[in-house]
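Below is one structure, written out as structure tokens; the observations come after it.
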Amino acid sequence: MSGLGDFVHLHVHSEYSLLDGATPIKQMVERAKQEGMKALAITDHGAMYGVIPFYLECKQAGIKPIIGCEVYLTAGNHRDKPNRREQKIYHLLLLARNHTGYQNLMQLVTDAHMHGFHYKPRIDKKLLQQYGEGLIATSSCLAGEIPQAILNDDLEKARALIQEYKALFGPDHFYLELQDHQVIEQQKVNRYLLHFAEELNVPVVATNDVHYIRAEDDLMHDCLLCIGMGKKIKDEDRLRFPSDQFYLKSTQEMKRLFAHVPEAIENTIKIAEKCHVEIPLGNQLLPRFPLPPGESSKAYLYARCMDGLKARYQNPSDEVIQRLQYELKVIDQMGFNDYFLVVWDFVGFAHQQKIAVGPGRGSAAGSLVAYVLRITNVDPIRYQLLFERFLNPERVTLPDIDIDFNDERRDEVIQYVVNKYGKERVAQVITFGTMAPRAAIRDVGRVLGVDYGAVDRLAKMVPASPGMTMVKAFKLVPQLQAQLKSPQFARLGEIVEKIEGMPRHGSTHAAGVVISDHPLTQYVPLQTGSDGIPLTQYAMESLEQIGLLKVDFLGLRNLSIIEKAIQLVKEKHQIDISFSEDHFDEPATYQLLSAGDTSGVFQMESTGMRRVLRELKPTEFEDIIAILALYRPGPMEQIPRFIRAKHGQEQVHYPHPDLINILKPTYGIIVYQEQIMQIAAQMAGFSLGEADLLRRAVSKKQKKVLLEQRTAFVAGCTHHGYDESVGNEVYDLIVRFANYGFNRSHAAAYGVLAYQTAFLKANHPLAYFTAILSNMIGNQTKLAEYLAEAREKGVAIFPPDINASCEDFTIEKNGIRFGLLAIKNVGHLAIQIIIEERKKQPYVDLADFCKRIDLRICNRRVIESLIQCGACDGLPGHRAEHLAVLDDYFEQHGARYQPSKNQLNLFEELPTPKMKKPDITPYTQSEMLKYEKEYIGVYVSGHPLDRYQAWKKEHQVMNCQDLDAISTGKQVKGIGMITKIRRIQTKKGDQMAFAQVEDQTGHIELVIFPNVYRDLQTKIEADEMVYFTGKLDRQEDRAKVMVQEMKLLEEMNRDEKVFVRISGEQQERHLTALHGIIGKHRGSQPIYLYYEQSKQLLSLPVAKYGIKLTATAIEEMEALLGAGSVKVKKD
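Taking full-length UniProt numbering, I'd label the letters of the sequence shown as residues 1 to 1131.
Structural data, given as structure tokens:
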């Protein structure tokens, strides 16, 4: 018996054979260990996503990891892309024997994705010849090239292929693979493979094509296949596995299956013994910065820092110089000189190209070297930020500098890095979307054919919180667990629990980029990413374990907004805004923060944060830093104490007088991680490096570690003259706050952005709103909120206009003009054409517009959108007229783009004939508003609730925006138009609903319980306007009204009468039409006809002529009878 046991699984698909492999790596390794297996392979389809997690899991379990891949092989050139039906793709199993084989396998997989991807990532035999060294190959499953030849009864081809593969890999490194999943075709293939093995002296090996762990997982795996294909279990026309035998079988099961070929089992051990791959981990694979001749990275970094020091500090103090020298020494000792130069270089490129760079992020803001190199823009000396929180000489780890860039130009910086270091050395990082609980319930429910309503109800029971799992959901919502364990949904629940958390697809990480010292394929397989930049197949954690340098290039929209606002201020007022750390004291900024007027202010927009700001009333930059650190789960409980202490309402307590300087800025409360480090240094004599280790250790809350650290800390305290009791008291404080303490460096850096955005809003609101509205194009909810706030602050909002609007929102007089890009269906190219052509002269009418623009780009869809949203209202005619003549203009001017072969195109020379205006009824106000909402996402020319403004004031009804600021538990009343409604059934079978209503200022959620909903369920629909009262509640900082009473607004107006004026000449002509309008809007409010000629008032019987009083009904009557002809008066 070998040290590797009696059998090794060599053909195994983990969860990273996306939506096919249903074998989670952790469970797979656990199962193999339970079965006494000493080695195990991973051979995912066409990719190596799971290699590092698998390798580490096996090592930890004491199992030998065998690294492989089941690649896709094309018979022709892998770079050719034939018709899918003509393309022949086969499977081939490859296993790495040694490090060379591992690197060749990565190269093959990379080439398959980067150059051979055509439905599948494909390689060809030429590539195998080039990168075949160090690999073992097997003939694979029924989809292999040799089994396919056998199934096609082409035995001569099968024989030739076997000899070809044997020559390609060598006689000791190619095997004929036998599988037995109780499939008829396999019996035929196995019979011939055994025949050829004997004839051609080729060894055989037994495998099971593992796709799941246990036989009973067959249904779960089938569901996974269906999810990937968009099919249902009951569908006949889909891929399905032919049996339930594709699981991780035991050694005994495999021996029984191949008792007639014992050497096939024995050869699994021989192959495992040949495979010796050790993946190097924990290295520092840092790139080398290209230096001028004769320079060292140490000297070059020093010189750049000296240059930066002079620029940052005219007369640097001894403290600054010593700190810089200390940091440079540590950086050099840790081998990170090149790293800092690499980051300095690409951040310098951004500065040169006027690409906004953030002030810093994370602990890197604590580095003076980063500050003088302009990598960060927060003075660590001024704000007492600690270098050791970033780079700890006592704990060697790769540095982690994350950089924020203008989100619209971030890609330029990444492309610069690619160009500088080479495409083969730079890649973006893959991330995997996983089966989240809600999505898993929906997917499995659909696949199993469970009633959609029931599935929807179950999915919505899962709390919508980040990081939610089924285990957490069951604890928070016990009824969900009860439902999924019930006979009705047990099968669905069981499968969901199994597939939850499995990777579903790969995508590009939002920020991560790796830069390597050598071609990346020496360390990681790659695939095609976005914009021609490769994508790693290993996720972030795996890359860090290998030792590759990762830098986060983050796109931050707030930097784009700040940059745009500063530019607008310059254009409008010729004022240059240059933020300086010495000027974080502008009064209007703190007044705005103290008022909680912080929508659009970085990190301070939430309702809860606004409430805290109103109570805190910040007066200095330290307050901003502190509140950003405190406003998080955990430390949030300290906010009331912090506020009371700031306002002198509570005496500040310090654990010891020696800690006053450290804790004074936060009123005796440990808010920052750096304060823990400073306390340990002050009282226990720890170096800041040792203090950082203490902070990290204590935050883990492990009893043994806590005891060890207490002993060391208290001993240090007594050694430095403090009582043991004081040492224990302070250590208890450290333990209490270790989990809650926030990174001060990060808070300070983000505090800068919070201050800058607040400053711009407070001092230049027109420019700031214009910038933020432009940035929010595409986000209709936020766009509506900011537009409502701008209007509330007295800013005029001008509608889109083809003769006045630019692409983005622009400042116009003392208001803001809508940007054309905010219009649905109108893209950059169409806008460019419209603007370029109008520079010659404004468009005089729609005919002129259609004649002058390119109707291939500004097509019918574009122009209809412009008309419907009101962008053509400045031209003669109304919207309905414009639409009516549009076909004629397209018929006339569209011919310009289809000239006949022998005909001159003279259309440009002919005057455009004026189309006869059609007799078209203009849109009602309601229709205009409906189309505005459809095409630009907001109402521009008014709001459906405008007619209720006086009623709101009379009844003291609050705006939605004001409701959002009310304290929890308060009674409120409001009106709004329903924009969304979701109906559910409670466990007791009662109907209730969740609705979202909006008014001119924003929106709010309503929870309508069964006792209220019972009388409304046939009445309330989307677009209905309602009055509601209830109690305000908050969930995850979002305000909701628990409705106690709700009525349709029309029902609130039943004591109103409708008076309609009929002029003499209208009497005969319009009475019939008026009767039609009343019939269309039947309701319960009485109508009175006032005949102007005879001065007679006629009351119409309500039963026959009662009307439902809506804005649309009034508009239609006034369109018929003239403006002002309808009056609504109280009884």
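Just so you know, even glycine gets a beta-carbon here, dropped at the ideal spot from N, CA and C.
A distance below 6 Å between beta-carbons, with the five flanking residues on each side excluded, links Ile441 to the following residues of its chain, in chain order: Leu458, Ala459, Val496.
For Ala539, the secondary structure class from DSSP, reduced to helix, strand or coil, is strand. When the five nearest sequence neighbours on each side are left out, the beta carbons in the same chain lying within less than 8 Å of the beta carbon of Thr508 are those of Gln428, Val429, Ile430, Thr431, Gly529, Ser530, Leu535, in order along the chain. A straight-line Cα-Cα distance of about 8 Å links Tyr119 and Arg84. Taking C-beta separations shorter than 8 Å and ignoring five residues to either side along the sequence, the partners of Asp873 in its chain run Pro799, Asp801, Arg879, following chain order. The alpha carbon of Gln34 has as its nearest neighbour, out of Lys249, Asn190, Lys980, Leu281, the alpha carbon of Lys249. Here DSSP, grouped into helix, strand and coil, assigns Tyr313 to coil. Annotation for Pro876: no alpha helix (DSSP H) segment contains it, and DSSP assigns it neither H nor E.
A residue is called buried once 16 or more other Cβ atoms fall within 10 Å of its Cβ, and Tyr16 is buried on that count. Contact check between the stretch 1077 to 1090 and the stretch 1056 to 1063: three or more CB pairs, one atom from each, fall below 8 Å, which counts as touching. Cβ-Cβ separation between Arg410 and Phe553: approximately 6 Å, consistent with a contact (criterion under 8 Å). In the DSSP assignment, Tyr90 falls within the beta strand (DSSP E) that extends over 89 to 96. When Ala539, Val514, Ser560, Asn558 are compared, the shortest CA-CA separation from Val551 is found for Val514.
Lys1129 is bridged by DSSP to Lys1057.
Counted as a single uninterrupted DSSP element, the beta strand (DSSP E) harbouring His1003 occupies residues 1003 to 1008.
Rounded to whole angstroms, the separation of the alpha carbons of Arg744 and Gly308 is 23 Å. Within the stretch 387 to 430, the complete beta strand (DSSP E) segments at least 3 residues long are 402 to 406, listed from N- to C-terminus.
Under the criterion of beta carbons closer than 8 Å, Tyr731 and Val714 qualify as touching, at roughly 6 Å. CA-CA distance, Ile136 to Ala158, rounds to 19 Å.
Shown here, Gly716 sits in a helix according to DSSP, grouped into three states.
For the pair Met48 and Gln537, the CB atoms are nearer than the 8 Å cut-off. Apart from the 5 residues on each side of it in sequence, Leu476 sits with its Cβ closer than 6 Å to the Cβ of Pro463 in its chain, given in chain order. CA-CA distance, Cys223 to Val972, rounds to 48 Å.
Contact annotation: Phe686 and Gly721 have beta-carbon atoms that are not nearer than 8 Å. Per DSSP, the continuous beta strand (DSSP E) segment holding Ser1084 begins and ends at 1082 to 1085. Between the stretch 65 to 79 and the stretch 94 to 104, the count of Cβ pairs shorter than 8 Å is three or higher; the stretches touch.
The Cβ-Cβ distance between Ile562 and Thr757 falls below 8 Å.
In this structure, Asn283 is the residue among Tyr931, Asn283, Ala39 with its C-alpha nearest to the C-alpha of Glu544. Remark: C-beta atoms of Leu73 and Asp111 do not approach each other more closely than 8 Å.
By the CB criterion at 8 Å, Thr979 and Ala1039 fall outside the cutoff. When the Cα atoms are used, Asp990 and Glu1005 turn out to be separated by approximately 20 Å. Relative to the Cα of Arg214, the nearest Cα in the group Phe737, Gly1030, Ile811, Lys498 belongs to Lys498. Per the DSSP secondary-structure output, Pro922 pairs with nothing in a beta bridge. Per DSSP, Ser599 lies in no alpha helix (DSSP H) and is assigned neither H nor E.
The three-state reading of DSSP puts His351 in helix, counting H, G and I together. Leaving aside the five residues that flank Val1043 on each side, the residues in its chain whose CB is nearer than 6 Å to its CB run, in chain order, Leu1006, Ile1008, Val1012, Phe1028, Gly1030.
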